[in-house]
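Those protein sequence lines, which keep their order, are chains A and B.
Reading the first sequence from the start, the letters are residues 1 to 398 in this note's numbering.
Reading the second sequence from the start, the letters are residues 1001 to 1135 in this note's numbering.
The structure under discussion appears below in the form of structure tokens.
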Amino acid sequence: MKLIYLDNAATTAVDKTVITAMEPYFDNDYGNPSEWHSSGRMAKIAVEESRNKIAKFLGSNPDEIVFTSCATESINLSHKGLVEAVSSDFKPGSKPNVVVTPIEHKAVLETCRHMEEKGEITVTYLPIDKYGLVNPEDIVIAIKPDTILVSVMYVNNEIGTVEPVAKIGDTIRKINKSGREHRIFFHTDATQAIQYLNCRVNFLGIDFLSFTGHKIYAPKGIGVLYVRQSTPLIRQSDGGDQERGLRAGTEDVPYIVGLGRAVEIAKRTRLSVLPKISRLRKRLMKGLLAIPGVKLTGHPVKRAPHIASFTVSGAEGEAMVLLLSDMGIIASSGSACTSARLTASHVLTAIGVSAETSHGSLRFSLGKETTESEIDEVIKKLPKVITKLRDMSPLTKL
Amino acid sequence: MTNNPFSQIYSDEVMDHIRKPRNMGYITHPDGEAMIGNPVCGDIMKFYIKVSQIDGEYYIKDIKFQTLGCGAAIATSSMMTVLVKGKSFKEAAKVSKRTIVTALKGLPKAKIHCSVLADEALKKAIKNFKSKIKK
């Protein structure tokens, strides 16, 4: 049975041409890029070629690209590294403030919580509406004299809502121009946006951008942090001088090459893939929202093309995921039962979904290989799963 | 498949009970019934029992369950009914959370506290039966 894989927001397959591009760097051109001999030189060239591709894609300079192991590491580096770099600008008794949305990925929220607990920063949470949208005007209200960083994700991974990052960037630029003691830097987590939305750094007006390879058909274990020139940053892993002294440790040459290739493919295929995925996602939403008790989470229009997310009444998310996967359909849930801590999704809680309702959360995320017949299969089979679970429930009827 | 009780994946036995829950449904005129859990915490299960009396001892002649919850909640309810159906109250009382988890070849640790409510639900159903016969 061929799987209908609709969990591309969790991870994608690695593109065959990405694997091909990576292969020579495991056992042929396997030198250490820090070495001056021919083997090292080949590896160094490969790393820098990939850096150029990614810089071109983001509209940045190559020396603004730092390779990391994943978006989580990128975020730890930008947030902790910036706070460390600017902390000496603060007088005793005052500390840097970081502004975030309550629906950021845990990589952002936990990094900020950690620094807050250590007494290094204060954290301000932006208000959001029931779709998870930030109002750029609320940024103006949230920002304090001590604010040094605003971190707003581009696309929410659970509910697909697209944040007005470029508008926020514009707002922050204006605030910075008005003259402040502490400049505000702007970070966006572009993990779910990178292959479908405009991620050019000057369009967005950002100082930091993070993303990872394994959502865009590169392998797991490779990420990027874009750092705008002359942004204060202290590295968070000490050692050698790799990555312009911002991330010590021997470069993961094959994975860096793979990521460069994946970004190249994303750029080339965006125009053909995006309308197709968008159309299929709308078809899926229409089909599933016709089922009684199924509601959309996130914004109805301002959504990433690939994420369709719902709550289903009277059926628990993990149980739906398990029964769907038995039918060859791979989906995901933010139900408390699916989390290691057994707590309701912080995203659904923040947009006002009750604990009771969030137990029935279900997300489908499409990929470039998704077909119309697969979508129709899900529309046909999900009602069977829901009926089976509702029939099993003591609350449904007697 | 691993039998490690701290595994983060469901055993084949758990998956089998999720796919084919045993004794799922309800009894129209039960001798005892009980519901446990609440919608906010996520897992809710209801047990129905039919009781027979042989030589002065009570037996669970029939048992059915309904569950709204995750895979672990479904599988443990289902396994519970298998373990106690036809058993005397005395024998049924010996079935603990641990017995259910062992019979299912393990459960992820967090699920043991959260989702295994079946032992309490059965106790409550038996109590309900006893309170009825006193009247």
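Cβ coordinates follow ideal geometry from the N, Cα and C atoms, glycine included.
Item                                                                                                                                                         : Value
Is it true that the CB of GLY287 (chain A) sits closer than 8 Å to the CB of THR12 (chain A)?                                                                : no
Tell me, please, whether the CB atom of PRO394 (chain A) is closer than 8 Å to any CB atom in chain E?                                                       : Of the protein chains in the structure, A and B, none is chain E.
From this set, A:VAL263, A:MET115, A:ASP326, A:LEU280, which residue's C-alpha is nearest LYS56 (chain A)'s C-alpha?                                         : A:VAL263
For SER435 (chain A), count the other beta carbons within 10 Å of its own beta carbon; 16 or more makes it buried, fewer makes it exposed. Which is it?      : This structure leaves residue 435 (chain A) out entirely; chain A is present only between 1 and 398.
Buried or exposed for SER60 (chain A), please, with buried defined as at least 16 other CB atoms from any protein chain shown within 10 angstroms of its CB. : buried
I'd like to know whether the C-beta of HIS359 (chain A) is nearer than 8 Å to at least one C-beta of chain B.                                                : yes
Just verifying my parser: in three-state terms, what is the DSSP assignment at SER69 (chain A)?                                                              : coil
Among the residues of its own chain, which have a CB less than 7 Å from the CB of MET285 (chain A), if the five just before and after it don't count?        : LEU296, ALA308
Quick one: using the 10 Å Cβ neighbour count with 16 as the cut-off for buried, is MET1 (chain A) buried or exposed?                                         : exposed
If distances are taken between C-alpha atoms only, which option among A:LYS215, A:ASN28, A:HIS187 comes closest to MET42 (chain A)?                          : A:ASN28
Report back the beta-carbon spacing between ASP207 (chain A) and PHE186 (chain A) to the nearest angstrom; my notes put them in contact at under 8 Å.        : 5 Å
Would you mind stating whether ALA1110 (chain B) and VAL1014 (chain B) have Cβ atoms separated by less than 8 Å?                                             : no
Can the beta-carbon of ILE1044 (chain B) be found closer than 8 Å to that of PRO394 (chain A)?                                                               : yes
Who are the Cβ neighbours of VAL1084 (chain B) in its own chain at under 8 Å, not counting the five residues just before and after it?                       : ILE1060, ILE1063, GLU1091, ALA1092, VAL1095, LEU1122
Based on Cα-Cα distance, which residue from A:VAL86, A:ILE103, A:PRO102, A:GLY352 lies nearest to LYS95 (chain A)?                                           : A:VAL86
Beta-carbon separation of ILE351 (chain A) and TYR131 (chain A) under 8 Å?                                                                                   : yes
Which chain B residues sit within Cβ distance under 7 Å of LEU487 (chain A)?                                                                                 : In the structure as shown, chain A begins at 1 and stops at 398. Residue 487 (chain A) is therefore absent and cannot be evaluated.
So, is the C-beta of VAL1082 (chain B) closer than 8 Å to a C-beta in chain A?                                                                               : no
Find the residues of chain B that neighbour GLY314 (chain A), judging by a C-beta separation of less than 8 Å, and give them in chain order.                 : LEU1068
Does LYS1061 (chain B) come out as helix, strand or coil in the three-state DSSP assignment?                                                                 : strand
Between SER1077 (chain B) and the rest of its own chain, which residues show a CB-CB distance below 7 Å, the 5 nearest in sequence each way excluded?        : MET1045, PHE1065, THR1067, ALA1118
Tell me the rounded alpha-carbon separation between ILE1126 (chain B) and SER333 (chain A).                                                                  : 35 Å
With distance defined between alpha-carbon atoms, name the residue in A:VAL66, A:THR161, A:GLU117 nearest to SER237 (chain A).                               : A:VAL66
Along the chain, where does the beta strand (DSSP E) that runs through VAL273 (chain A) open and close?                                                      : Where VAL273 (chain A) is concerned, there is no enclosing beta strand (DSSP E), although the alpha helix (DSSP H) it sits in stretches over 253 to 289.
Closer than 8 Å by beta-carbon distance: list the chain B residues that pair up with GLU158 (chain A), in chain order.                                       : Within 8 Å Cβ-Cβ: nothing; GLU158 (chain A) doesn't reach chain B, min ~17 Å.
Pairs of beta-carbons, one from the segment 353 to 364 of chain A and one from the segment 308 to 326 of chain A, closer than 8 Å: are there three or more?  : yes
Give the DSSP-derived three-state secondary structure of PHE90 (chain A) in the structure shown.                                                             : coil
Taking only beta-carbon atoms, is ALA10 (chain A) less than 8 Å away from chain B?                                                                           : no
Of all the options A:TYR125, A:GLN242, A:PRO136, A:ALA304, which has the alpha carbon lying nearest to the alpha carbon of ALA190 (chain A)?                 : A:ALA304
Excluding the 5 residues flanking LEU324 (chain A) on each side, which residues of the same chain have their C-beta closer than 6 Å to its C-beta?           : ALA331, VAL385
Assuming contact is defined by CB atoms lying nearer than 8 Å, are GLN192 (chain A) and GLU64 (chain A) in contact in what I supplied?                       : no
Could you name the residues of chain A that GLY1042 (chain B) contacts, counting a contact when the two beta carbons are closer than 7 Å?                    : GLU316, ALA336, CYS337, HIS359
Are the C-beta of ASP326 (chain A) and some C-beta of chain B separated by less than 8 Å?                                                                    : yes
Name the DSSP bridge partner or partners of ASN8 (chain A)?                                                                                                  : In the DSSP output, where bridge partners are listed per residue, ASN8 (chain A) has none listed.
Does DSSP put SER1136 (chain B) in a helix, in a strand, or in coil?                                                                                         : Given that chain B is displayed from residue 1001 to residue 1135, the structure contains no residue 1136 (chain B) and the question cannot be resolved.
Cβ closer than 7 Å: which chain B residues qualify as neighbours of GLU163 (chain A)?                                                                        : Neighbours of GLU163 (chain A) on chain B: none; closest Cβ ~29 Å, over 7 Å.
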